[in-house]
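Using our numbering, you'd call the opening residue of the sequence shown number 17 and step up by one each time.
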Amino acid sequence: MADQFSLDGFDAPAEPTDRLFFALLPDQAAIDRVAVMTRQLRDDQGLTARPIPAERLHVTLHHLGDYVGLPSHIVAAASDAAAGLAMPPFTLAFDRVATFSGKPGRLPLVLRGGEGVGAVTAFQAALDLALRKAGLAKATRAAYTPHLTLLYAERRVDDLPVEPITWPAQEFVLVRSLMGRAQYTVIGRWPLRP
Numbered sequence: 017m018a019d020q021f022s023l024d025g026f027d028a029p030a031e032p033t034d035r036l037f038f039a040l041l042p043d044q045a046a047i048d049r050v051a052v053m054t055r056q057l058r059d060d061q062g063l064t065a066r067p068i069p070a071e072r073l074h075v076t077l078h079h080l081g082d083y084v085g086l087p088s089h090i091v092a093a094a095s096d097a098a099a100g101l102a103m104p105p106f107t108l109a110f111d112r113v114a115t116f117s118g119k120p121g122r123l124p125l126v127l128r129g130g131e132g133v134g135a136v137t138a139f140q141a142a143l144d145l146a147l148r149k150a151g152l153a154k155a156t157r158a159a160y161t162p163h164l165t166l167l168y169a170e171r172r173v174d175d176l177p178v179e180p181i182t183w184p185a186q187e188f189v190l191v192r193s194l195m196g197r198a199q200y201t202v203i204g205r206w207p208l209r210p
């Protein structure tokens, strides 16, 4: 549509380049167990999709938004809100694999948990409240479902119990994702503390 005319002052908005989100990152032992389990699931289920690379495995706590460039005022306000949180370290435990809704041929296959995700759900609610007080949170979703995406499957996979994958959550991070480049950079870290 390069032939379309434009009106002065009405240029098309720039495409977002940066996504910001808070997350929990698995430790190396959990990453190794996830890799083995994902390979086994691919074989057992006849899936061809590639696993999410180890450096991008995470549990999203809060998506701040998509931006044109890195908005320093958003990073500063989010960092201040994060620094004020107090929650003791906890252990995550994921014991089920499920398929979430998504684009046809690209359905998120995820690790989920039952009782093993209660602490992360409580922490996410506290983070959401702190971000709302800072003016950074949009309307709260109906429900937060802690999960770790393994791959984007070409078809739905039935919910399956799996050997629990656990790790101690000692900190949470603010991640900058360069959109369309599958590149994550941690731009802030905060310890979990009572």
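Ideal placement from N, C-alpha and C gives every residue a C-beta, glycine not left out.
According to DSSP, residue pairing for Q199 in a beta bridge involves L194.
Here D48 is exposed: its Cβ has fewer than 16 other Cβ atoms, across all protein chains shown, within 10 Å.
Excluding sequence positions up to five before and after A102, its CB lies within less than 8 Å of the CB of R209, P210, all in the same chain and listed in chain order.
About 11 Å separates the Cβ atoms of L164 and P67, ruling out a contact at the 8 Å cut-off. Secondary structure at E187: strand, using DSSP grouped into helix, strand and coil. Here D60 is exposed. Its C-beta has fewer than 16 other C-beta atoms within 10 Å. Around the CB of T201, fewer than 16 other CB atoms lie within 10 Å, so the residue is classed as exposed. Sorting R197, R192, E179, A198 by C-alpha distance to the C-alpha of Q56 places E179 at the top.
DSSP lists no beta-bridge partner residue for A135. A Cβ-Cβ distance of about 6 Å is found for the pair I181 and V50, placing them in contact under the 8 Å criterion. The three-state reading of DSSP puts V173 in coil, since its state is none of H, G, I, E or B.
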